[in-house]
Amino acid sequence: MWFQDPESPGALYGPDTVLGIDTVSSDVRELYAYENLEQLACGYPTKVLLLPESMGSTGATVYHGSLYYRSRQSPTLLRYDLVAENIVRLVYFVQRGEIYMILRRIVT
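So, in structure tokens, the structure goes:
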């Protein structure tokens, strides 16, 4: 699974940067950064980031310099800052109907 940030805020991860995750493993924690699509096709990442918590599903996205994903161990939505390389926000959600409102609060 790969992503491009439509609202990339900085030079470290620019608009051409491609981020990829190998979702075949049962413990998905590595996020691969590629300079562009050509580098992704060659399979040589510029950087490999180790996520502090395993990803729980393929339901993830990148927006405005952060990776948003669900923790494997709990119903927690995590916001991982790509530049600081750490979790900057945790949100615990109770039911599926609340997801849209939670995402609006995290992004703003």
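Quick note, the working numbering runs 1005 ahead of the 1-based positions in the sequence shown.
The beta carbon of each residue, even a glycine, is placed where N, CA and C say it ideally should be.
Everything numeric in this text was worked out from a predicted model, so none of it was measured.
- Here Asp-1010 has Val-1067 as same chain residues with Cβ atoms under 6 Å from its own Cβ, once five neighbours each way along the sequence are excluded.
- The distance from the Cβ of Ala-1046 to that of Leu-1024 is about 15 Å, inconsistent with a contact at the 8 Å cut-off.
- In this structure, the straight-line span from the alpha carbon of Arg-1094 to that of Glu-1043 is close to 32 Å.
- Here Ser-1076 is near Gly-1061, since their CB atoms are less than 7 Å apart.
- Residue burial annotation: Leu-1017 is exposed, with fewer than 16 other C-beta atoms found within 10 angstroms of its C-beta.
- DSSP lists no bridge partner for Val-1088.
- Under the DSSP assignment, Ala-1046 falls in the alpha helix (DSSP H) whose first and last residues are 1042-1047.
- Excluding residues up to 5 positions away in sequence, Ser-1013 lie with their Cβ nearer than 6 Å to the Cβ of Gly-1019 in the same chain.
- Sequence-distant partners of Phe-1008 (beyond 5 residues in either direction) whose C-beta falls short of 6 Å from its own C-beta, in its chain, are Leu-1024, Val-1067.
- Cα atoms of Ala-1089 and Leu-1054: separation of roughly 11 Å, rounded to the nearest angstrom.
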